[in-house]
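Engineer: Have a look at the structure that comes next, please.
Protein chains: 2
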Amino acid sequence: MNIVPIINTNDAVVPPAEPNSDLQGVNVISVKDNDSLAARLAVEMKTDLLIVLSDVEGLFDSPPGSDDAKLIDIFYPGDQQSVTFGTKSRVGMGGMEAKVKAALWALQGGTSVVIANGTHPKVSGHVITDIVEGKKVGTFFSEVKPAGPTVEQQGEMARSGGRMLAALEPEQRAEIIHNLADLLTDQRDEILLANKKDMEEAEGRLAAPLLKRLSLSTSKLNSLAIGLRQIASSSQDSVGRVLRRTRIAKNLELEQVTVPIGVLLVIFESRPDCLPQVAALAIASGNGLLLKGGKEAAHSNRILHLLTQEALSIHGVKEAVQLVNTREEVEDLCRLDKMIDLIIPRGSSQLVRDIQKAAKGIPVMGHSEGICHMYVDSEASVDKVTRLVRDSKCEYPAACNALETLLIHRDLLRTPLFDQIIDMLRVEQVKIHAGPKFASYLTFSPSEVKSLRTEYGDLELCIEVVDNVQEAIDHIHKYGSSHTDAIVTENEKTAEFFLQHVDSACVFWNASTRFSDGYRFGLGAEVGISTSRIHARGPVGLEGLLTTKWLLRGQDHVVSDFSEHGNLKYLHENLPVPQRNTN
Amino acid sequence: MNIVPIINTNDAVVPPAEPNSDLQGVNVISVKDNDSLAARLAVEMKTDLLIVLSDVEGLFDSPPGSDDAKLIDIFYPGDQQSVTFGTKSRVGMGGMEAKVKAALWALQGGTSVVIANGTHPKVSGHVITDIVEGKKVGTFFSEVKPAGPTVEQQGEMARSGGRMLAALEPEQRAEIIHNLADLLTDQRDEILLANKKDMEEAEGRLAAPLLKRLSLSTSKLNSLAIGLRQIASSSQDSVGRVLRRTRIAKNLELEQVTVPIGVLLVIFESRPDCLPQVAALAIASGNGLLLKGGKEAAHSNRILHLLTQEALSIHGVKEAVQLVNTREEVEDLCRLDKMIDLIIPRGSSQLVRDIQKAAKGIPVMGHSEGICHMYVDSEASVDKVTRLVRDSKCEYPAACNALETLLIHRDLLRTPLFDQIIDMLRVEQVKIHAGPKFASYLTFSPSEVKSLRTEYGDLELCIEVVDNVQEAIDHIHKYGSSHTDAIVTENEKTAEFFLQHVDSACVFWNASTRFSDGYRFGLGAEVGISTSRIHARGPVGLEGLLTTKWLLRGQDHVVSDFSEHGNLKYLHENLPVPQRNTN
């Protein structure tokens, strides 16, 4: 396996070198223990990597266990000239001296080194695989210091910058966004030049639809600027809104107010226009932001990020939005659970699923799938059905709120209504797949579906037959993705039964599934559509980027006054709160 | 390592047995391939376990890849007499026939068998460790069928039962809870008898405080019943409340209403009184519930769960609350991400942390730590400070909302106010730890703190000195847990600055940190206190167990009518919603 294990000192049988010859030349290191033996051997053999396993996680920047101690991911000897081996003060090596000395010596001799913990139960054996795969494990020794801050430092800047952003007046946040919108049009030439570079590098390597998503144009930038101004105006009423007020006792008043969540990590794929849009949403909601864009849009993202920071500078909060280096792996970012409060993936449902798996303890907001149903009831109006099905399926079939499965009441088979639907689908060139029950009713059936749980995202549609509204609901619960499901009927009782019982984010009656959208719902800026059941569900506006905090203002109130033997009683009187503004 | 690897057919060099002698006796199996060779060898050698690794996950209950196919965790041959080898219909073995035959033969010969996937990248090698550790991997062949449903079946029952519960009228849910409250007092003797069994078995094995938490009494049951009736009354206004109404267009109205989250998993430690309380909260909010209690309270939990199901039966929703077998590992439950929507750990912060780590993709609601601060400003009122500090620290020091670090403005050192605080802490026998700055100001200082990030949970307090309110805020952000932090001052401007800038769930002015509590906040039933920033933050009432769904009622509305070329325009008119009831 091309691995030389070196277990411990007793295996070292060479005579010791002179005590003081260490580090006097690249070829001299005293072999005193397994660490120095390993370093010597690694250099002699020109190994690719020396892994030094210990019982601590790696090198810390202050004594391990102290309040501020942080693991050093990458250690640059050139940057740390003042390190004094043998003292514990500078890098908190406590017991690590020999390992660090050996590591530095091996690094000088041209071997990469990782010091990591080899004692984790259950995953021991795994640590080596992780290191070889290039994951962030332990401390990596490197000669070359990358330019710019580490992602941990960026996380801290986003946190403190975000807090400063949150402390601004709503008007100031809106002003930053307006400023960014101006910059997008003023600096158009520079942006398009950077985008041209991306396009040239991507040419021939990306498929046409992806190239289209990557490209920016004057008109795209203009409409982006318009969108930003909308976000700016919807931001006025978001942070600091009072949701609840309670008089707990005389002169003791409780208030629940909206506040930013903290630090968001937004991961997006090729579309660079995502960057200013997401940045504007974060600014509007007072959140710190880490942005991770695709490699293919690196040039465009860089200039767009610079402009965002320029806009933020007008109120001294430049650091609130950080662009993460393209070399950082998404998986590594997902481990920063102390720094990131919410991850928002913007892109394919595959991206969302991957990130949901990778995120360890950090909540992820995003829809993974949109398998939307429309149930045509036996009492559906002939005039409405075709119109509703066409809009739901054909208007923009790639959208997550487009129709994927049409459920038809059994009584409608072989009626003019049914023929009308099929004729319309033929005209619109929609490929029909038959559910097993539907297929069994037909003499000549279209190809049977492979799975009733399919998101076609194209001009394809599954049709299945159900006996009644209850069976339609059961089908939706079993095969749906709880995104958007609709009923077409003239019977109000059936409709309300459906609305109440279907357990989806959006449930519609006699309306196209395509209404499931933040803009169409009137939520102002749309953050995304969430199929999660926690925090935000369905189309999410700026509110999805907010949480709340409780403010209690008293005089000298203590809980013991309210105990059995105390002299006070809880009032718990709800006080009026200002109503939401009408748009 | 006591493992015999059997790689493939080519290694089998024994002559083939007669074709039809298979399964005719326990000692006869034709060695045709590696599977049969392995089974034969396993039985001959009396091995503990035969692991058959394949390229599929295990045995499925219908053809793998079909919509309904589910992995069989444990396969009981006695239960599946009708299995026909060679057909793919019954257990969807497609290609698995030889393996299943070998497995059944080995099982009959007294060897346990697991069929699992050995081809997962990255974790290959791990699957064997997982199996040996008893984790749920692949399909385990067993002769003994355990009584009762599997946890997956329980998850499905909780889901469908929960949906039925959610469809009841609020009055019916309240009735179930009242019924459970009655049963707790009516069936008191039976409950106390079961609890006595638990106590006897725990005697000498559990520490006194844990025994106290385990024990039930008539008075505990009575106050539990009172609490349940309160939950019942606060349940009336929870599910189905309209939060937002928007007129999107003429005759197209959008409504956002509260609905249950779905299925909750509540994990609790020794306290059996947790069970009816949590069940009542789930019932009140219309959620399905999986309960996982501690082994030490098994007898008490069993009877309390039976009574809960009895109460649920009055409206035919008995299955909505499931008690998970004590043998199920929490880690295995946390993997059921398709079945569980929210995990609520109730117990020590260690339990919460463990579960946050184990939960893969399922959100966890719970506070991990309460490191609460009180900042005494230079303009604090002498009369108030001592009173507020005493209540915050001494009234119930084990609570998560108790004070842990007192931050004192530098100007107060060596003033009568300062002496008053120290005198009070002496009288209350609070052990003082000095922060580094505080220690540097004193000639003789108390022992210096090991970490400023400590939750003592006892009559111990850290005191640190700060120069001003900004430094107090910085300290809280650096060392706090964003739970509850308070300021004592008479200066309204300083107070409002603190209230706005401290980034914690609860921020108080001139009030004890101990007010941070659902009951004291007037939230009715308390679900817990959340230090998460997502979904619910701070003290959480029934609302924390709810999410929302969007209902859209139209006539025949399609989005293409609202396009550039369409004839309709979005109105997005906010309609009034009913105000929250006053308690």
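Line by line, the protein sequences give chains F and X. All letters in the first sequence, in the order written, are residues 3 to 585 by the numbering used here. All letters in the second sequence, in the order written, are residues 3 to 585 by the numbering used here. By construction, the Cβ of each residue, glycine as well, lies at the ideal position given by its N, Cα and C atoms.
#1: Name the residues in the segment 337 to 358 of chain F whose C-beta lies less than 8 Å from a C-beta of chain X; which are they?
#2: Interface residues of chain F around Arg247 (chain X) at Cβ under 9 Å?
#3: State the start and end residues of the unbroken beta strand (DSSP E) segment that holds Thr248 (chain F).
#4: Should Gln358 (chain F) go down as buried or exposed, given a rule of 16 or more other Cβ atoms within 10 Å for buried?
#5: What's the gap between the Cα of Asp50 (chain F) and the Cα of Thr113 (chain F)?
#6: Within this structure, are the beta carbons of Leu627 (chain X) and Asp275 (chain X) separated by less than 9 Å?
#7: What does Trp107 (chain F) pair with, by DSSP beta-bridge criteria?
#8: Does the beta carbon of Met508 (chain F) sit closer than 9 Å to a beta carbon anywhere in chain X?
#9: Looking at the structure shown, is His559 (chain F) part of a helix, part of a strand, or coil, going by DSSP?
#10: Helix, strand or coil for Ala183 (chain F) per DSSP?
#11: Going by DSSP, name the residue or residues bridged to Met47 (chain F).
#12: Report the three-state DSSP secondary structure of Leu194 (chain X) (helix, strand or coil).
#13: Is the distance from the Cβ of Leu548 (chain X) to the Cβ of Ser240 (chain X) below 9 Å?
#14: Which residues of chain F have a Cβ atom closer than 9 Å to the Cβ of Ser64 (chain X), listed in chain order?
#15: If I measure Cβ to Cβ from Ala100 (chain F) and keep anything under 8 Å in the same chain, skipping five residues before and after, which residues do I get?
#16: Near Gln392 (chain X), which residues of its chain fall below 7 Å by C-beta distance, leaving aside the five closest residues on each side in sequence?
#17: Taking only beta-carbon positions, decide if Ala361 (chain X) is within less than 9 Å of chain F.
#18: Alpha carbon to alpha carbon, how far is Phe440 (chain X) from Ser453 (chain X)?
#19: For Ile357 (chain F), report the span of its alpha helix (DSSP H) as first-last.
#20: Under a Cβ-count criterion, where at least 16 other Cβ atoms within 10 Å of its own Cβ denotes burial, should Leu573 (chain F) be classed as buried or exposed?
#21: Of all Cβ atoms in chain F, is any one closer than 9 Å to the Cβ of Ala169 (chain X)?
#22: If we call anything under 9 Å between Cβ atoms a contact, is Gly638 (chain F) one with Asp476 (chain X)?
#23: Which of the residues in the segment 195 to 220 of chain X, read from start to end, lie with their CB under 7 Å from any CB of chain F?
#24: In chain F, which residues lie with their C-beta within 8 Å of the C-beta of Glu158 (chain X)?
#25: Measure the beta-carbon distance from Ala360 (chain F) to Cys336 (chain F) and round it to whole angstroms, keeping in mind my assumption that it falls under 8 Å.
#26: Let me know the secondary structure DSSP gives Met2 (chain X) once reduced to three states.
#27: Helix, strand or coil: which one does DSSP assign to Gly88 (chain F)?
#28: Have a look at the DSSP bridge pairing and note the partners of Ala282 (chain X).
#29: Contact between the segment 220 to 237 of chain F and the segment 144 to 159 of chain F is defined here as three or more beta-carbon pairs at a separation below 8 Å; is this criterion met?
#30: Assign Gly88 (chain F) to buried or exposed, taking buried as 16 or more other Cβ atoms, counted over all protein chains shown, within 10 Å of its Cβ.
#31: Less than 7 Å between C-beta atoms, sequence neighbours within five positions excluded: which residues of the same chain meet that for Ala474 (chain F)?
#32: Within this structure, are the beta carbons of Glu381 (chain X) and Asn493 (chain X) separated by less than 9 Å?
#33: Below 8 Å, can you find three or more Cβ-Cβ pairs linking the segment 169 to 177 of chain X to the segment 280 to 295 of chain X?
#34: If the cut is a Cβ gap below 8 Å, which residues of chain X does Asn512 (chain F) touch?
#35: Relative to the alpha-carbon of Arg355 (chain F), which residue among F:Asp343, F:His375, F:Lys340, F:Glu333 has its alpha-carbon at the smallest distance?
#36: Determine whether the beta carbon atoms of Lys395 (chain F) and Leu444 (chain F) lie at a separation below 9 Å.
Structural biologist: Walking through what the data contain:
#1: Result list: Asp343, Leu344, Gln358.
#2: Residues of chain F passing the Cβ test: none, with the nearest at roughly 10 Å.
#3: Per DSSP, the unbroken beta strand (DSSP E) holding Thr248 (chain F) starts and ends at 244 to 251.
#4: Gln358 (chain F) counts as buried, since at least 16 other C-beta atoms from the protein chains shown sit within 10 angstroms of its C-beta.
#5: Linking Asp50 (chain F) to Thr113 (chain F) through their CA atoms gives a straight-line distance of about 6 Å.
#6: Beyond the ends of chain X as shown, which are 3 and 585, falls residue 627 (chain X); an answer cannot be given.
#7: Paired residue(s): none; Trp107 (chain F) is not in a bridge.
#8: Contrary to the premise, residue 508 (chain F) reads as Cys rather than Met in this sequence. For Cys508 (chain F), the answer is yes, since a Cβ of chain X falls inside 9 Å of its Cβ.
#9: DSSP, reduced to helix, strand and coil, places His559 (chain F) within a strand of the structure shown.
#10: In the structure shown, Ala183 (chain F) sits in a helix (DSSP, three-state: H, G or I).
#11: According to DSSP, which records beta bridges pairwise, Met47 (chain F) is partnered with nothing at all.
#12: In this structure, Leu194 (chain X) counts as helix in the three-state DSSP scheme.
#13: Against a cut-off of 9 Å, the Cβ pair of Ser240 (chain X) and Leu548 (chain X) comes out as a contact.
#14: Ordered by position in chain F, no residue passes the 9 Å Cβ test against Ser64 (chain X), which lies about 13 Å from the chain.
#15: The residues are Lys34, Asp35, Asp37, Ser38.
#16: The sequence shown places Arg at residue 392 (chain X), not Gln. Only Met426, Glu430 meet the Cβ criterion.
#17: Chain F places a beta carbon closer than 9 Å to that of Ala361 (chain X), counting this residue as a contact.
#18: Rounded to whole angstroms, Phe440 (chain X) to Ser453 (chain X) spans 14 Å at the Cα level.
#19: Looking at the DSSP string, the run of the alpha helix (DSSP H) that includes Ile357 (chain F) is 351 to 360.
#20: Counting Cβ neighbours within 10 Å, Leu573 (chain F) comes out exposed, since fewer than 16 surround it.
#21: True, the Cβ-Cβ gap to chain F drops below 9 Å.
#22: Summary: the structure shown does not reach residue 638 (chain F), with chain F confined to residues 3 through 585, and so no result is reported for it.
#23: Within the segment 195 to 220 of chain X, contact with chain F at the beta-carbon level (separation under 7 Å) is assigned to no residue.
#24: The premise fails here: Glu158 (chain X) is roughly 11 Å from chain F at the closest Cβ pair, so nothing lies under 8 Å.
#25: Between Cys336 (chain F) and Ala360 (chain F) the Cβ distance is about 4 Å, and since that is below 8 Å, they are a contact.
#26: No answer is possible for residue 2 (chain X): the residues shown for chain X start at 3 and end at 585.
#27: Because the pLDDT of Gly88 (chain F) is 36, which lies under 50, any placement of that residue in the model is unreliable, and the question is left without a value.
#28: DSSP output for Ala282 (chain X) lists no bridge partner at all.
#29: The answer is no - the segment 144 to 159 of chain F does not touch the segment 220 to 237 of chain F, with fewer than three Cβ pairs under 8 Å.
#30: Since pLDDT at Gly88 (chain F) reaches only 36, below the 50 mark, its modelled position is unreliable, and the value read off the structure follows with that caveat. With fewer than 16 Cβ atoms within 10 Å of its Cβ, Gly88 (chain F) is classed as exposed.
#31: These residues qualify, in order along the chain: Tyr377, Leu409, Val468.
#32: Result yes, Cβ atoms of Glu381 (chain X) and Asn493 (chain X) sit closer than 9 Å.
#33: The answer is yes - the segment 280 to 295 of chain X touches the segment 169 to 177 of chain X, with three or more Cβ pairs under 8 Å.
#34: The contacting residues are Arg555, Gly556, Gln557, Asp558, His559.
#35: Looking at the Cα atoms, F:Glu333 is the closest of the given residues.
#36: With contacts defined as CB atoms closer than 9 Å, Lys395 (chain F) and Leu444 (chain F) fail to qualify as a contacting pair.
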